[in-house]
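Residue numbering for the sequence shown follows this note's numbering, beginning at 1 and increasing consecutively. All remarks here apply to the structure that follows.
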Amino acid sequence: MRQKAFDILAVGNAIIDVFSQCDDAFLHQHGIEKGGMNLLMRRRQNHYLTPLQRLRHPN
Numbered sequence: 001m002r003q004k005a006f007d008i009l010a011v012g013n014a015i016i017d018v019f020s021q022c023d024d025a026f027l028h029q030h031g032i033e034k035g036g037m038n039l040l041m042r043r044r045q046n047h048y049l050t051p052l053q054r055l056r057h058p059n
């Protein structure tokens, strides 16, 4: 029996969910819809994550 040979290259990024608590004002301020999903590039991720971190650790 002959074996099949495959040459495969797969490139991709994992989709990672980030969960955080915030109030409705934060959602409105950043144009985020409740229950929605946003696929973000790194620069846009920082736009959301930096203020969320400040909510968790307000120093």
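We put the beta carbon where it would ideally sit given N, CA and C, even for glycine.
Cβ of valine 11 less than 8 Å from any chain D Cβ?
As a matter of chain content, chain D is missing from the structure shown, which is built from one protein chain.
Does the segment 45-56 come close enough to the segment 6-24 to have 3 or more Cβ pairs within less than 8 Å?
The segment 45-56 vs the segment 6-24: in contact.
Can you tell me which of the three DSSP states proline 58 falls into?
Indexing the sequence shown from 1 puts residue 58 at position 58. The answer is coil: DSSP assigns proline 58 none of H, G, I, E or B.
Please name the residue, chosen from His28, Leu40, Gly35 and Phe6, that lies closest to isoleucine 16 on a Cα-to-Cα basis.
As a first step, residue 16 must be located in the sequence shown, where it is residue number 16. Looking at the Cα atoms, Leu40 is the closest of the given residues.
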